[in-house]
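Peer 1: Its first residue numbered 18, the sequence shown is counted upward by one per residue in my numbering.
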Amino acid sequence: MTGVTAGQLVAAVEQMTGLPWPDDGRLDWEVDGLAGHTDVHRHVLPLAAVPSSFLDLADRSWGTRHRAGASRFIDSEVVWWRSGDDAVALVGTPAAVVVLPARWLAEPPAGGGVSPVVADFLSGDGERVLSSVWAVFGTRDPEVLAPLVPALRAVEEATADVELGGLLVSNHSNLEHALDRVRLFAAGTCLCAAYPAHQFYDPAKESGRRHVRVVRTVPNDRQWVPDRVCECLDCGRRFQVEQGEYHYPWWKWTPVAG
Ligand SMILES: [Zn+2]
């Protein structure tokens, strides 16, 4: 990759903005002889070195140069440009060009345009925080989850001292789990990975949300209800789900082979 010129790099990046997104996992590709990869949320082109005059040429190609602090999508301080709905980001160490949806890099705007879920998390009001916690529990929608990624640190600080109460289970642990879901989303991990970590995932609700489908049931001598085997509709992973009751119903999700 040594020897790539600024012009070649800009031309390669223009093609990166048109690359497809994989449903899950990682996709390797080559554009103009340059090798890169795509995960669920970004196209990454590693660079041996940033060609001289790339910044100037990028300014000419995409206009205003923005600066962003580290986000969950990008590990270091970056400069980036807007190209349509995408952001073209230049990452310093290790050097790489990363193309990702621009709205995931932009700071949440002050006032008006903040997503309602983010605003509730930052409100300092226990009831509003909890309504956001349950909204995040029940969704895989990027329109809800993506705005939370750049706001994660602010949400952690704003919710640290909020009184959330909770019977039997502290609602702060539910809050922690909701934020873990946002981290899974940011890392490009399918959100079915959250099921084994919490006992409130009702398979009936999850299948109603079109997140899983129940493929069969398995008798369980210890419980009134047979276990259900659920398949994730996004990635195909399967779980056997035991339902029990102790003060309230709980569900235990265990990954299974088939
Ligand atoms: Zn999945």
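Glycine included, C-beta positions come from ideal geometry on N, C-alpha and C. The structure presented is a predicted model; accordingly, all values stated were derived computationally and were not measured.
1) I need the DSSP call for Gly-128, collapsed to helix, strand or coil.
2) Quick one, which of Tyr-265, Arg-239, Trp-270 and Val-229 has its alpha-carbon nearest Cys-308's?
3) Could you tell me if Ser-149 is buried or exposed, where buried requires 16 or more neighbouring beta carbons within 10 angstroms of its beta carbon?
4) If we require 4 or more residues per run, which alpha helix (DSSP H) segments fall completely within the stretch 132-165?
5) What residue from Arg-226, Ala-106, Ala-214 and Ala-75 has the CA that sits closest to Trp-267's CA?
6) Quick check on DSSP: helix, strand or coil for Gly-253?
7) For ligand 1, I want to know if Cys-247 counts as a neighbour, meaning its beta carbon is within less than 6 Å of at least one of the ligand's heavy atoms.
8) How about Leu-117 and Arg-59: do their beta carbons lie closer than 7 Å?
9) Can you have a look at Asp-244 and say buried or exposed, based on whether 16 or more other CB atoms are within 10 angstroms of its CB?
10) Nearest CA to the CA of Arg-99: which residue from Leu-192, Thr-81 and Ala-65?
11) Beta-carbon separation of Phe-71 and Ala-119 under 7 Å?
Peer 2: Inspection of the coordinates gives the following:
1) As a first step, residue 128 must be located in the sequence shown, where it is residue number 111. Unreliable placement is indicated for Gly-128, whose pLDDT of 46 sits below 50; the coordinate value is still reported in the next sentence. DSSP, reduced to helix, strand and coil, places Gly-128 outside both helices and strands of the structure shown, so it counts as coil.
2) With the chain covering only 18 through 275, there is no way to say anything about residue 308.
3) Here residue 149 refers to the residue found at position 132 when the sequence shown is read from its first residue. Flag for Ser-149 reads buried.
4) Listed in chain order, the complete alpha helix (DSSP H) runs (minimum 4 residues) inside the stretch 132-165 are 133-138, 143-154 and 159-162.
5) Translated into the one-based positions of the sequence shown, residue 267 becomes position 250. Considering only alpha carbons, the answer is Ala-214.
6) Counting from one through the sequence shown, the residue named residue 253 turns up at place 236. Correct three-state label for Gly-253: coil.
7) Working through the sequence shown from its first residue, we reach residue 247 at position 230. Cys-247 has its Cβ no nearer than 6 Å to any heavy atom of ligand 1.
8) For the purposes of this step, residue 117 is identified with residue 100 of the sequence shown, where counting begins at 1. For the purposes of this step, residue 59 is identified with residue 42 of the sequence shown, where counting begins at 1. Yes. Within cutoff.
9) Taking the first residue of the sequence shown as 1, we reach residue 244 at position 227. Within a 10 Å sphere around the beta-carbon of Asp-244 sit 16 or more other beta-carbons, which makes this residue buried.
10) Counted from its first residue, the sequence shown places residue 99 at position 82. Among Leu-192, Thr-81 and Ala-65, the Cα nearest to that of Arg-99 is on Thr-81.
11) For this step, residue 71 is matched to residue 54 along the sequence shown. For this step, residue 119 is matched to residue 102 along the sequence shown. Cβ distance not < 7 Å, so Phe-71 and Ala-119 don't count as in contact.
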